[in-house]
Amino acid sequence: MKINLYNSLSRKIEEFEPLKNDLVRIYSCGPTVYNYSHIGNMRAFLFADLLQRTMRTTGKYNVRWVMNITDIDDKTIRDSSKGSQSWLPQMGEQTDLPLDNLKKFTKFYEQAFLEDIAKLGIEQNHFYSMPHATDFIPQMQELIRKIYNNGYAYISENSVYFNVSRWAENGEYGKLKKIDFDNFKKGARIDSDQYEKEDANDFALWKAKKEGEPYWEFDLFGQMLPGRPGWHLECSTMEYELLGLPFDIHTGGVDLKFPHHEDEIAQSKAGYGFDPNRFWCHNEFLEVEGEKMSKSLGNFFTLRDLIAKNIDPIDIRYLMFSVHYRTKFNFTNDGIIAARKARLKVQEYIYELFNASENPIINEIPPEDDLLNRFFAELSNDLHTPKALANLFDFINNYPPQNLSASLKSTLIDEFKQINAIFNTWQVNKKPDEVIEIPDEIIKLAEERLLAKKQKNFTKSDELRQAISNLGYLVIDTKTGFEIKVKKND
RNA sequence: GGUGUCGUAGCCAAGUGGUUAGGCAACGGUCUGCAAAACCGUGAACGCCGGUUCGAGUCCGGCCGACACCUCCA
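When the letters of the first sequence are read in order and numbered with our numbering, they come out as residues 963 to 1452.
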């Protein structure tokens, strides 16, 4: 099925067609590993995962997905430096070598990141590569040489800057976002880092070495410039090295449109001579209880915070997909509860499909009601997951599993497997037998209750049920006796 | 100040000018000694004021409100 995608460049939904055969090359701006990822970051990664899975399953394309790990920047340097408050014992011992400290520090948070995305249902084997910025230093230097040679870079105080105003003369700057340079916010910081630029709009390609910071040697046509790469440069370089230019799709959060992605375009074009990619896809931001997530408001959550509150990461995945990626997402406690219930409703439906059929009433489903078609049609409509889910629920409500013939159920199981290849929020198999250990004490109480119930001593019966409940179990009456379940926190 | 997004029922969230989006919650019913679960059913909405149109949640204008970006934040 053809996929239609919103392209930030044209500000329109366009039909997607791979540039090279049936291969879709996707680059996603990944994490800067200086801390645990928060749920806002998670939205961006889940969006990228949704996109690449849709390309594989709905579009039937081959996918080459790259997500970078930024393991060198101001924050990683600051927090890994000797004596930093952010250094944790689990990272090991700090040494006198800044680069060594940086590696230990970023390795720690990279590991945490990989664990987090795994919990969110993002599969490691879907990545073609997760490159580290620090593994591409020579290639980045090569790109700087190209840009410099082409006249769009200059050296100042041993740093190298991109000359934006020179580049902007060709009308190639401001493709993603219109920026009115004469009307910058009053009082905005003109120069947030402490390097010397000719113009406030210019950005660093290479930052001069500072005392106590990690650095690499750099020979720029005879000028020795020890230092480290600028942020935008790493993406441009790794895209070129791993995917080739131009590739198909670049993803990231809306906040990255400017300056990060705008600068990426400028660098790639000024250095390699190509626009980096054809589609730019940006996910909207996430808010918490209607407010911007921030540490000062106390509504800043990492995935780990939420897991500690007994929230299932798969419910977060489902919740994120219940909202379209280009609208602001309001993360709420009620929302996560609703998402869980909705998800489990579908799960129960799937389990029911594996039950042996009796007295089927429905033997066929009209083509216009076909589940997979209706689901995929919405995914191909700019990844419209909320509508896809609405269609799914509509289907479930219209076709209860006990009414379906065995062959229909088997077809549906197949369709759910494909749906789940994208959503990855369900178990498409027979309901596993719950193996739960019920303490003898509880069983004894339940038997006592059953006896009281049979004797029609309902006061005692209800008291015993309450007592069992207080111990964390639910007793449920069945035709033959009772069933005991572990009480859930939600 | 510049650029842009958005205001839809108790909550979340779709809506491409024209017949019920969907989910959660709520309410009623079936079942049960009572429950739980499940199933069936029900109601309720388009920020405000104008305009265009046979017809506006949808298009246009104004107002009010929320939010984002504006130099290293997903």
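The beta-carbon is built from N, C-alpha and C at its ideal position, and this holds for glycine as well.
By the neighbour-count definition (other C-beta atoms within 10 Å, threshold 16), D1225 is a buried residue. Only exposed fits L1306, as fewer than 16 other CB atoms lie within 10 angstroms of its CB. Annotation for K1108: G1233 place their beta carbon closer than 6 Å to its own, counting only its chain and skipping 5 residues before and after. Straight through space, the alpha carbons of Q1014 and S1046 are spaced by roughly 38 Å. Proximity to L1205 across N1030, A1318, F1316 peaks at N1030, based on C-alpha coordinates. Bridge partners of L1182 according to DSSP: Q1185.
The region 1002-1022 makes no contact with the region 1035-1049: fewer than 3 CB pairs, one atom from each, lie closer than 8 Å. Between A1408 and V1437, the CB-CB gap stays under 8 Å. Under DSSP, L967 takes part in a beta bridge, and its partners are E976. If you draw a straight line from the Cα of I1227 to the Cα of S1198, it comes to about 8 Å. For I1276, no beta strand (DSSP E) run applies; the uninterrupted alpha helix (DSSP H) run containing it begins and ends at 1275-1283, by DSSP.
A contact is defined here as three or more CB-CB pairs under 8 Å, and the region 1351-1371 meets this definition with respect to the region 1309-1318. Taking C-beta atoms as the reference points, R1279 and G1002 fail to come closer than 8 Å. Each residue's CA atom was taken as its position, placing Y1071 and N997 some 6 Å apart. Fully enclosed beta strand (DSSP E) runs of no fewer than 3 residues occupy 1435-1439, 1444-1448 of the region 1376-1452, in order along the chain.
CA-CA distance, R1005 to H1286, rounds to 11 Å. With 16 or more other Cβ atoms inside 10 Å of its own Cβ, N1063 counts as buried. If the five residues before and after N1261 are omitted, its C-beta is found closer than 7 Å to the C-beta atoms of V1250, E1251, E1253, M1255, all from its own chain and listed in chain order. Here the alpha carbons of S1342 and K1066 stand approximately 42 Å from one another.
For T1213, the enclosing beta strand (DSSP E) begins and ends at 1209-1215. In this structure, W1193 lies near D1035, with their beta-carbon atoms less than 8 Å apart. The straight-line gap separating the alpha-carbon atoms of K1393 and E1310 is approximately 8 Å. Taking the Cα of T1038 as reference, the smallest distance to any Cα among I1400, A1095, L967 is reached at A1095. Put simply, the backbone Cα of G1113 is about 9 Å away from that of F1124.
DSSP places H1346 in the coil class of the three-state scheme, outside both helix and strand.
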